[in-house]
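**Q**
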Amino acid sequence: QVKLVESGGGLVQPGGSLRLSCADSGSRFTFTIASWFRQPPGKQHEFVARIASGGRINYEDSVKGRFTISRDNAKSTIFLQMNDLKPEDTAVYYCQGISANGSAYWGQGTQVTVSS
85 QVKLVESGGG LVQPGGSLRL SCADSGSRFT FTIASWFRQP PGKQHEFVAR IASGGRINYE
145 DSVKGRFTIS RDNAKSTIFL QMNDLKPEDT AVYYCQGISA NGSAYWGQGT QVTVSS
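Note that the sequence shown ends on residue 200 in the numbering used here; no numbers are left out.
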C-alpha cells in the first residue's frame, strides 16, 4: 500500500530556506510524475511544482527562481528546496505522486510557516 509522507516543514523567518521531502513509507513507490501543492490558510489548494520521469519541470509563477523540485529515483524520494521564503508562502504543503498506471496518491501534508 502506498503511503506518501512529507517532512521538513516548520517555522522560518522571511528570506529563509526549507527543504521538504516526500517518500513512500511502504513499498517503494515509483513516481512517474511527482508534484507539490499547497493550501494557504483560508484558500484552496494550489499547484507549486511538478517533475516528470523524463525530467520535465514546471513551476507556479510566484515560486520560479526561489523553489527547486528534484527527485532521487534510487530512494523514491522527491524534494522541494524553498529559498527566499515569503510570508505568502505560508501553507500546508502536500506531495502528490502519480504512478505509471495513472493512480494518484497524496501525502498528509506538512506545515510551512513564514513569519518574523
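Built from N, CA and C at the ideal position, the CB exists for glycine as well. Computed from a prediction, not measured in an experiment: that's the story for all the values here.
Does Thr-194 pass the burial test, meaning 16 or more other C-beta atoms within 10 Å, or should it be called exposed?
**A** Its Cβ being crowded by 16 or more others within 10 Å, Thr-194 is buried.
**Q** Using alpha carbons as the reference points, say which of Gly-186, Thr-174, Arg-134, Gln-180 lies closest to Lys-127.
**A** Ranking the options by Cα distance to Lys-127, first place goes to Thr-174.
**Q** By alpha-carbon positions, which one of Asp-145, Pro-171, Ser-160, Arg-150 ends up nearest to Ala-107?
**A** That would be Ser-160, whose Cα lies nearest to the Cα of Ala-107.
**Q** Between Lys-170 and the rest of its own chain, which residues show a CB-CB distance below 7 Å, the 5 nearest in sequence each way excluded?
**A** Closer than 7 Å at the Cβ level, and outside the excluded window around Lys-170, lie Pro-98, Val-198.
**Q** Whose C-beta lies closer than 6 Å to the C-beta of Tyr-143 among residues of the same chain, with five residues either side of it excluded?
**A** Counting only Cβ-Cβ distances below 6 Å, and skipping sequence neighbours, we find Ala-133.
**Q** How would you call Gln-33, buried or exposed, if buried means at least 16 neighbouring beta carbons within 10 angstroms?
**A** There is simply no residue 33 to check, as the chain begins at 85 and stops at 200 in what is shown.
**Q** Count the other C-beta atoms from every protein chain shown that fall within 10 angstroms of the C-beta of Ile-141, then say buried if there are 16 or more, exposed otherwise.
**A** Ile-141 comes out exposed.
**Q** Where does Ser-137 sit, in a helix, a strand or coil, going by DSSP?
**A** Residue state, collapsed to three classes: coil.
**Q** Could you say which of Ser-105, Leu-104, Val-96, Ser-137 lies nearest to Thr-116 if we only look at CA atoms?
**A** Of Ser-105, Leu-104, Val-96, Ser-137, the residue nearest in Cα terms is Ser-137.
**Q** Tell me, please, whether the CB atom of Ile-117 is closer than 8 Å to any CB atom in chain D?
**A** This model lacks chain D altogether; it includes just one protein chain.
**Q** Do you know how far the Cα of Gly-93 is from the Cα of Met-166?
**A** Between Met-166 and Gly-93, the C-alpha separation is close to 10 Å.
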